[in-house]
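Before any comments, here is the structure.
Numbering (my numbering), first residue to last: 722 to 860.
Right, dumping it as C-alpha cells:
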C-alpha cells in the first residue's frame, strides 16, 4: 500500500499546540476508529493503536503524536507547522487564506512524506480564523 494524502481544517487558537489537541479531541469524538473510551494520549501509549496508525492510519490529525517546532526536522507521526519561508512561497503576504491554501494544497502535499503532517494558520480579513492540517498516512 501507499500513503494516503489528506487535508482538513480545525479550530483556531493562538496556542498551536492547544488548537492541535482540540482538533484531535474533536476528531476522536467523531470517530474512535474502534478504540473506544481512550484519550489521544492513552491511544498513543497503546501498541495496537501505534500499529493501526503505522499500517493504515486515520488520514486525520489523529495520526500524529505531537506538534513539533516549525524549525524541527521531519519525524514520523509528528505534525509540524510551516516555517515563515514555507508560507511565503505560496502566500506572499505571509497570511494565507483558506482559498490560497485550497489552491496550493497540491504543491503543499508534494513534499510531505509518509507519516508526516503539516499545519498553518489561515486568515480571513487579516485575522486568524482556523488552522489547516494536511499530511500523508504512514502505510
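The C-beta atom is built at its ideal place from N, Cα and C for all residues, glycine as well. Since the model is a prediction, treat every value here as computed from it, not as a measurement.
Under 8 angstroms between C-beta atoms of residue 795 and residue 826: no
Integer Cβ distance of residue 839 from residue 818, believed to fall under 8 angstroms: That belief does not hold up - the Cβ atoms of residue 839 and residue 818 are roughly 17 angstroms apart, past 8 angstroms.
Beta-bridge pairing of residue 746 - partner residues as DSSP gives them: In DSSP, residue 746 forms no bridge with anything.
Separation of residue 766 from residue 750, as counted between CA atoms: Whole-angstrom Cα-Cα distance: 18 angstroms.
Rounded straight-line distance, which links the Cα of residue 775 to that of residue 744: 20 angstroms
Residue 837, enclosing beta strand (DSSP E) - first and last residue: 837 to 845
Nearest residue (CA-CA) to residue 859, options 833, 853, 842, 850: 833
Top-ranked residue by Cα proximity to residue 808, from 829, 736, 799, 797: 829
Three-state secondary structure assigned by DSSP to residue 848: strand
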